[in-house]
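See structure below.
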Amino acid sequence: MNKQEKRNVLIIYTGGTIGSMPKDRNDTSSPLVPAPLEEVMKMLPDYNHDSCEIRIENKWVKLGTYSFQNPVDSSNLLVDDWVEVARIIGSNYDNYDGFVVLHGTDILAYTASALSFMLKNLSKPVILTGSQRPIFRTRTDATQNITSAIEIAAAKLLGRTVIPEVCVFFQNEIYRGCRVKKTDASGFKAFHSPNYPPLGVAGQRIRIARDLLRSKTQDELKVNDNLEQRVISIEIFPGMSADLLRSILSIEGLKGVVLKTYGSGNTPTHIEFLETIYKAVQDGLIILDVTQCVSGEVELGLYETSEKLLSQGVITGMDMTSEAALTKLMVILGVENNRQRAEDLMQISLRGEQHESVYHIHFAKGRMKSDERIIKIEQTALMTFGEEQFNMEHLENAILRMAGVRISGDIESGQINLEFFINISDSAAVELSEGNPHYLGRISRVWSQDTGWESVAIPVTEKVKHLVEGEHTNQITIVNRGETAVRWERLNIALYTD
Ligand code: ASP
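For the sequence shown, this note's numbering begins at -17 and goes up steadily by one.
The structure is reproduced here in structure tokens:
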């Protein structure tokens, strides 16, 4: 770092095409390798090397610089390198108004996502950029990308809108960092944010879409720098065998998996496949379903093929990119040891990486014998996550879900007929029927042993608004109107908020 005094923008250089030169400088066809940051900076227009300032619209922006000891092609970056960048931002946070990270494009979407989750309570801009052609070449896109990134990061000095987020600037758009994907290996428009609009556009002027930004927090920056690396991402493909899946999921010490599924979250549903997933979840693995498609979202339960996954205990990644999903899993598993809470946090929007949050009120798993008429099930886990609080005013949709439902006993098939009530204080004293204001709904279906682990869902939005009590005091009462013994693996109320 060159200066300790208060300056405007800190440039952090990790390497990448943006600052690369041919390895043999006399042979332009030799492979590209990153050059020193000093040489990159000298290529910038209106840059005063001695004072380390760049002029933007008649204002001199004071820069600080930090370079990786060995700048690299981003394909060689490791989790430790993300930690280095996050810590540098953390330790220089008070000395700068904004940060620019120069980075190779190949894993830039992962780094942007990782930094988004690692930097909690961010209130200053952190702008990542790279380029498709090195800054030392004709027709380079690097100059425009770096200078625009500096301009966005220097918003405070320039009297512009400050974006309190990790962003990617590329070609002429500003994207939320945890929403981007690299979608073009060669074109200048290399990145897209398929499920969230750009936060701004650079043309003659840089225009920011203020209503799309996250609100600024007054809380102190916290750097989450403990990432769980025992996570993987697997892409389902036609003909993928259960054996292959089993051998991957049984990797020693594995903690979490991002499962890249078809369309809105579907996978094969043959029994070996499902049993493999079920066993992995039972053994403690978190499996998060995201789509292989470039845009759109997972809707577990929309098709039978994804409803089965939900029943095995797979959780939804909604419209997250696979890059955001994997890095969020790393960060969450690094801060939260409790598996249930880690799963719950994964389904809450922490940095605007998904379009809604789902909070769960969990109840115990259980069973009812064929002659058992009524059972009361207590809430098993708190629904509190620090600042990530559930807010009833933001409730859009609530669903009571019983998953992993099976009939038990020797019978081949039977009619399951259950009625659900919430927060009945004294079940003996009230009439438990549809007319009861605490009535949530009913499941009535013929179930066979072959039906296996299905889940059933009842919409309960209006009921929940009035009947959910505290964060840990809810109970469900189930009345068995049939004669079939039934068991379930999971029972919860999922609360979707915008
Ligand atoms: N391989 C390069 C990198 O990721 C590509 C680039 O920067 O455009 O470092």
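In this text, a Cβ means the ideal position worked out from N, Cα and C, and glycines have one as well.
- Annotation for Ile253: the continuous alpha helix (DSSP H) segment containing it runs Ile253 to Gln264.
- Distances taken from the Cβ of Ile0 to the heavy atoms of the ligand ASP include one shorter than 7 Å.
- By the CB criterion at 8 Å, Gly423 and Phe402 fall inside the cutoff.
- Runs of the beta strand (DSSP E) lying entirely within the stretch 84 to 152 and spanning at least 3 residues, in chain order: 108 to 111 and 148 to 152.
- Taking each of Glu254, Val213, Ala136 and Ser57 in turn and checking the Cα distance to Glu234, the smallest one comes out for Val213.
- With a minimum length of 4 residues, the unbroken runs of alpha helix (DSSP H) contained wholly in the stretch 372 to 453 fall at 443 to 449.
- For the ligand ASP, no non-hydrogen atom lies closer than 7 Å to the CB of Gly169.
- Secondary structure note for Asp62: it is in no beta strand (DSSP E), and the uninterrupted alpha helix (DSSP H) holding it is Val61 to Ser73.
- Arg158 is bridged by DSSP to Cys149.
- Per DSSP, Arg196 lies in no beta strand (DSSP E) and is assigned neither H nor E.
- In the structure shown, the three-state DSSP call for Ser215 is strand.
- Taking 8 Å as the upper bound for CB-CB distance, Ile389 and Ala439 are not in contact here, some 18 Å apart.
- According to the DSSP assignment, Gln294 belongs to no beta strand (DSSP E) but to the alpha helix (DSSP H) extending over Glu286 to Gln294.
- Between Tyr341 and Thr479, the C-beta spacing is below 8 Å.
- According to the DSSP secondary-structure assignment, Arg463 is paired through a beta bridge with no residue.
- In the structure shown, Met300 falls within a coil segment according to DSSP collapsed to helix, strand and coil.
- Between Leu231 and Thr258, the C-beta gap is smaller than 8 Å, which places the two residues in contact.
- Ile458 is positioned such that its CB atom lies closer than 8 Å to that of Ile359.
- By alpha-carbon distance to Glu202, the top candidate from Pro146, Gly247, Ser339 and Pro419 is Pro146.
- No heavy atom of the ligand ASP is found nearer than 7 Å to the CB of Gly278.
- The criterion of a C-beta distance shorter than 8 Å is not satisfied by Met328 and Leu282.
- In this structure, the alpha-carbon of Gln431 lies about 23 Å from that of Asn248.
- Arg37: member of the beta strand (DSSP E) spanning Glu35 to Ile38, first to last residue.
- With respect to the C-alpha of Thr273, the residue from His448, Gly112 and Glu217 having the closest C-alpha is Glu217.
- When the five nearest sequence neighbours on each side are left out, the beta carbons in the same chain lying within less than 7 Å of the beta carbon of Lys204 are those of Lys102 and Asn103, in order along the chain.
- At least one heavy atom of the ligand ASP falls within 7 Å of the beta-carbon of Thr87.
- For Ser49, the shortest C-beta to heavy atom distance toward the ligand ASP is 7 Å or greater.
- In its chain, beyond the 5 residues on either side, Ala467 have a beta carbon closer than 8 Å to the beta carbon of Lys351.
- Taking a C-beta distance under 8 Å as the contact criterion, Tyr92 and Ile70 do not qualify as a contact pair.
- Contact annotation, Gln361 with His454: C-beta distance approximately 6 Å; criterion of less than 8 Å satisfied.
- Fewer than three beta-carbon pairs drawn from the stretch 56 to 69 and the stretch 3 to 17 are found closer than 8 Å, and the two stretches are therefore not classed as touching.
- A distance below 7 Å between beta-carbons, with the five flanking residues on each side excluded, links Ser168 to the following residues of its chain, in chain order: Gln114.
- Remark: the shortest separation between the CB of Asp63 and any heavy atom of the ligand ASP does not fall under 7 Å.
- Nearest in C-alpha terms to Met222, of all of Asn208, His252, Asp207 and Gly238, is His252.
- Straight-line spacing of the CA atoms in Arg158 and Asp353 works out to 56 Å.
- In this structure, the beta-carbon distance from Met365 to Ile343 falls below 8 Å.
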